[in-house]
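Colleague: One structure follows; several queries about it will come next.
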Amino acid sequence: MSDTTWKRTKYAAEIDEDDYNTEMTLCGWIQSTKNLGKMAFIHIRDRSGLAQVTALSKTMGPELFKEITSIPRESAISVRGVIKQSPQARAGWEMIPYYVKVMGEAKTPLPLGVVDKVDADMDTRLDNRFLDLRKPEKQAIFKIRSTILSATRDVLLEEDFLETHTPKIVAAATEGGTALFKMEYFDRPAYLNQSPQLFKQTMMATGLDRVFEIGPAFRAEEHDTVRHLNEYTSIDVEMAWSDDEDTMEILEKVIQRAYTDVINNNFMCLEALKRTLTVPERPFPRITYGEIIERLQEKKLKIRDEGSGKMRTIQWGDDIPTEGARIIAKERPSLYFITEWPVDLKPFYIQPKDGEFRVSKGFDLNYGEKELVSGGQRVHDPKLLKEMFKRKGLNEEDFHFYSKAFDYGMPPHAGWGLGVERLTMIISGVSNVREVVLFPRDKHRLVP
RNA sequence: GCCCCGAUGGUGUAGCGGCCUAUCAUCUCGGCCUGUCGAGCCGAGGACACGGAUUCAAAUUCCGUUCGGGGCGCCA
């Protein structure tokens, strides 16, 4: 029989009075060693929290004492000993060890201190992400992210959606506009997909009716901000026989459940992040694009005219610049929909609301100045789709693989795409999108 | 792509022409300590991104390179 004494009996946080005076094994990383000479306190950290191992030279002998106190911090170890009640210990108990095995010794000095009293730059942290993520407040973000994803799946499956996956390697430009990463597909050029948009819409012509996909999206834009990534995770939803209002309602349910589940399941994480949350009420406030422009005009927001290059007051038809979004965010710091966007500011697949191609059935969901979601009712009439291609200056031929589905019975449909990272940022209360991705990909960072 | 800003021990910083043989904290190593949990005390170790220029003198000024930070546009 193989020796299994090194295997974990319980996580630190699972140990209680019933375990007192029993022999157990703790597994984790040495967070700190406080050596008082004849007595030492070794704090072992595992996923659940901290455990105190109290070593006594007198009872364990000077050799084992020396051995256990000289293991470098952040080494992965397994300690076996007896759990003893202890009023002086924070947890009310401590382990008196008799056996220690170093499973993975840490080199010194550490490239990044886990509990050091000095902060490290984001760059240093990301270069040593495995150490950075040993910090409970960094782990908390990813536990929250996981909850958000499972909450999303729960709601969508309850609402009769089917989870799907579409290709990330594509032959040609998808929506147009965004720059794509080029790659080699055997002997042909190919691209990494910027969004599942065209594929999920194609699914609407199949009879599957309601689909969603959680997957990566790639954008080759050289945007270098705290809210953009070149690889991000998108929750994409598309529903047939539905309009913009139907899909907004599903979105509200998803967001609401994400908040609820995080509050219910990640109490400790929120505490680690010093974050208090309240579940947003449905329906979320709706404000039209036109109302936003009027408000910005009242605030005398000036923008640079694309044609003349001169500064002028913002007007209907202009995109909302970052500065404008901040002005609105002061009045609406939480979640709100922006509806009735101009047709010209939305992609070709967004349904115009009228025959004049002025206002569309596209919407955004914002949290303050942050854009969280973009969605809308889609164009489903093939004739109108052709006209939209023309209006946007797109070549219909390039989209044949997609438009073909519209020629054989495409029902009305609507949907949206939500940035998982942005929702995680909002719920976790962190300000840099890189915080919520294990190994973020931005303009400069490709390793690790 | 454009505009600002920055680079000093493992980590985070101070210094911004000579007083620098470079500050402080953290860290690492050694010593003392039987109740530590931001331990304490004593001792030691470790750095001016790279290349050029100006100057009697450069961590400090200038140019270039590399790397990083922030903002704009665009977006999720």
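When we follow our numbering, the leftmost residue of the first sequence carries the number 26, and every step to the right adds one. Here a beta-carbon is modelled for each residue, glycine too, at the ideal position from N, C-alpha and C. A quick note: this is a predicted structure, and the numbers were derived from the prediction, not measured.
According to DSSP, what are the bridge partners of V127?
Modeller: Within the first sequence, residue 127 is the residue found at index 102, counting from 1. In DSSP, V127 forms a bridge with I102.
Colleague: Where F373 and L223 are concerned, what is the direct C-alpha to C-alpha distance, given to the nearest angstrom?
Modeller: The residue you call residue 373 lines up with position 348 of the first sequence. The residue you call residue 223 lines up with position 198 of the first sequence. Distance between the alpha carbons of F373 and L223: 11 Å.
Colleague: Give the single residue among D344, L135 and L370 whose Cα lies nearest to the Cα of K417.
Modeller: The residue labelled residue 417 in the question sits at position 392 within the first sequence. Among D344, L135 and L370, the Cα nearest to that of K417 is on L370.
Colleague: Does the beta-carbon distance from D261 to G440 come in below 8 Å?
Modeller: Looking up residue 261 in the first sequence gives position 236. Looking up residue 440 in the first sequence gives position 415. Yes, they are a contact pair.
Colleague: Is M120 near I102, with beta carbons less than 8 Å apart?
Modeller: For this step, residue 120 is matched to residue 95 along the first sequence. For this step, residue 102 is matched to residue 77 along the first sequence. No, they are not a contact pair.
Colleague: Are the beta-carbon atoms of A165 and L298 separated by less than 8 Å?
Modeller: Here residue 165 refers to the residue found at position 140 when the first sequence is read from its first residue. Here residue 298 refers to the residue found at position 273 when the first sequence is read from its first residue. It is a contact, given that the beta carbons lie within the stated cut-off.
Colleague: In the DSSP assignment, what residue or residues form a beta bridge with D71?
Modeller: Residue numbering aside, residue 71 sits at position 46 when the first sequence is read from its first letter. In the DSSP output, where bridge partners are listed per residue, D71 has G74.
Colleague: In chain order, what residues of the same chain have a beta carbon less than 8 Å from the beta carbon of A197, not counting five sequence neighbours either side?
Modeller: Within the first sequence, residue 197 is the residue found at index 172, counting from 1. Excluding residues within five positions, the ones whose Cβ falls inside 8 Å are Y216 and D423.
Colleague: So, using beta-carbon positions, are P97 and T149 closer together than 8 Å?
Modeller: The residue given as residue 97 occupies position 72 in the first sequence. The residue given as residue 149 occupies position 124 in the first sequence. Contact flag unset, no.
Colleague: Classify D286 as buried or exposed, calling it buried when 16 or more other Cβ atoms lie within 10 Å of its own Cβ.
Modeller: As a working mapping, residue 286 is identified with position 261 in the first sequence. With 16 or more other Cβ atoms within 10 Å, it is buried.
Colleague: So T50 and K32 are in contact, right, with Cβ under 8 Å, and what is the actual spacing, rounded?
Modeller: Translated into the one-based positions of the first sequence, residue 50 becomes position 25. Translated into the one-based positions of the first sequence, residue 32 becomes position 7. Confirmed, about 6 Å.
Colleague: Only counting runs of 4 or more residues, tell me where the alpha helix (DSSP H) segments fall wholly within the region 322-395, in order along the chain.
Modeller: Entirely contained in the region 322-395, the alpha helix (DSSP H) runs reaching 4 residues are, in chain order, 347-356.
Colleague: With a CB to CB cut of under 8 Å and the five nearest residues on each side skipped, what residues in its chain are close to D467?
Modeller: As a working mapping, residue 467 is identified with position 442 in the first sequence. Answer for D467: D249, H253, L254, N255 and R459, listed in chain order.
Colleague: Quick check: the Cα distance between R329 and I451, rounded to an integer number of angstroms?
Modeller: Against the first sequence, residue 329 aligns to sequence position 304. Against the first sequence, residue 451 aligns to sequence position 426. Going by the C-alpha atoms only, they are around 30 Å apart.
Colleague: Provide the residue(s) that pair with P241 in DSSP beta bridges, ordered along the chain.
Modeller: If you number the first sequence from 1, residue 241 lands on position 216. In DSSP, P241 forms a bridge with T258.
Colleague: Just verifying my parser: in three-state terms, what is the DSSP assignment at M85?
Modeller: On the first sequence, position 60 is the one that residue 85 refers to. Correct three-state label for M85: helix.
Colleague: Taking the alpha helix (DSSP H) that Y433 belongs to, which residues open and close that run?
Modeller: Numbered from its first residue, the first sequence carries residue 433 at position 408. Element bounds for Y433: n/a, residue is neither H nor E.
Colleague: Would you mind working out which of L276, A230, W54 and M435 sits nearest K126, comparing C-alpha positions?
Modeller: Translated into positions along the first sequence, residue 126 becomes position 101. If we check each option's Cα against that of K126, W54 comes out closest.
Colleague: In the DSSP assignment, what are the bridge partners of L187?
Modeller: Here residue 187 refers to the residue found at position 162 when the first sequence is read from its first residue. Bridge partners of L187: V236.
Colleague: Roughly how many angstroms lie between the CA atoms of T364 and M293, to the nearest whole one?
Modeller: Start at 1 with the first residue of the first sequence, and residue 364 comes out as number 339. Start at 1 with the first residue of the first sequence, and residue 293 comes out as number 268. Cα-Cα distance, rounded: 37 Å.
Colleague: Taking the CB atoms as reference points, tell me whether T191 and E238 lie closer together than 8 Å.
Modeller: Locating residue 191 in the first sequence gives position 166, counting from the first residue. Locating residue 238 in the first sequence gives position 213, counting from the first residue. A contact, by the Cβ cut-off of 8 Å.
Colleague: Quick one, are the C-beta atoms of V368 and R383 less than 8 Å apart?
Modeller: For the purposes of this step, residue 368 is identified with residue 343 of the first sequence, where counting begins at 1. For the purposes of this step, residue 383 is identified with residue 358 of the first sequence, where counting begins at 1. Yes, the Cβ-Cβ distance between V368 and R383 is below 8 Å.
Colleague: Let me confirm a value: H425 is counted as buried when at least 16 other C-beta atoms fall within 10 Å, else exposed. Which label applies?
Modeller: The residue given as residue 425 occupies position 400 in the first sequence. Exposed, since its Cβ has fewer than 16 Cβ neighbours within 10 Å.
Colleague: Distance, Cα to Cα, Q376 vs L182?
Modeller: By 1-based counting over the first sequence, the position of residue 376 is 351. By 1-based counting over the first sequence, the position of residue 182 is 157. Those two C-alpha atoms are separated by around 27 Å.
Colleague: Along the alpha helix (DSSP H) that carries Y427, what are the first and last residues, could you check?
Modeller: Taking the first sequence and counting its residues from 1, the one referred to as residue 427 is at position 402. First-last of the alpha helix (DSSP H) with Y427: H425 to S428.
Colleague: Just verifying my parser: in three-state terms, what is the DSSP assignment at Q113?
Modeller: Your numbering for residue 113 matches position 88 in the first sequence. Looking at Q113 - three-state DSSP - the assignment turns out to be coil, as it is neither helix nor strand.
Colleague: Short check: CB of P308 to CB of E277, under 8 Å?
Modeller: For the purposes of this step, residue 308 is identified with residue 283 of the first sequence, where counting begins at 1. For the purposes of this step, residue 277 is identified with residue 252 of the first sequence, where counting begins at 1. Against a cut-off of 8 Å, the Cβ pair of E277 and P308 comes out as a contact.
Colleague: How far does the alpha helix (DSSP H) with R20 in it reach, from first residue to last?
Modeller: The structure shown does not extend to residue 20, since the chain is modelled only from 26 through 473, so no value can be given for it.
Colleague: Once the 5 residues before and after Y392 are set aside, which same chain residues still bring their CB inside 6 Å of it?
Modeller: Position 367 of the first sequence, counted from the start, is the residue given in the question as residue 392. Contacts found: L360 and I451.
Colleague: Which residue marks the beginning of the alpha helix (DSSP H) containing K547, and which one marks its end?
Modeller: The structure shown has nothing for residue 547, since the chain only spans 26 to 473.
Colleague: Am I right that M147 and N457 are in contact with their C-beta atoms under 8 Å? What's the rounded C-beta distance?
Modeller: Taking the first residue of the first sequence as position 1, residue 147 is located at position 122. Taking the first residue of the first sequence as position 1, residue 457 is located at position 432. Yes, M147 and N457 are in contact; Cβ-Cβ is about 7 Å, under 8 Å.
Colleague: Which residues in the same chain as E247 place their Cβ atom closer than 7 Å to its Cβ, once the five residues preceding and following it in sequence are excluded?
Modeller: Sequence index remark: in the first sequence, residue 247 carries index 222 (1-based). Hits under 7 Å: K468.
Colleague: Let me know if M26 comes out buried or exposed under the rule of 16 or more other beta-carbons within 10 Å of its beta-carbon.
Modeller: Taking the first sequence and counting its residues from 1, the one referred to as residue 26 is at position 1. Residue confidence for M26 is low, a pLDDT of 45 falling below 50, so the modelled location carries little weight and cannot support an answer.
Colleague: Quick check on the burial criterion: 16 or more other C-beta atoms within 10 angstroms. Buried or exposed for S99?
Modeller: In the first sequence, the residue the question calls residue 99 occupies position 74. The displayed chain sequence assigns Glu, not Ser, to residue 99. Under this definition E99 is a buried residue.
Colleague: Between the Cα of D271 and those of G315, T172, D344 and G387, spot the shortest distance and give me the residue it belongs to.
Modeller: Residue numbering aside, residue 271 sits at position 246 when the first sequence is read from its first letter. Nearest option by C-alpha distance: G387.
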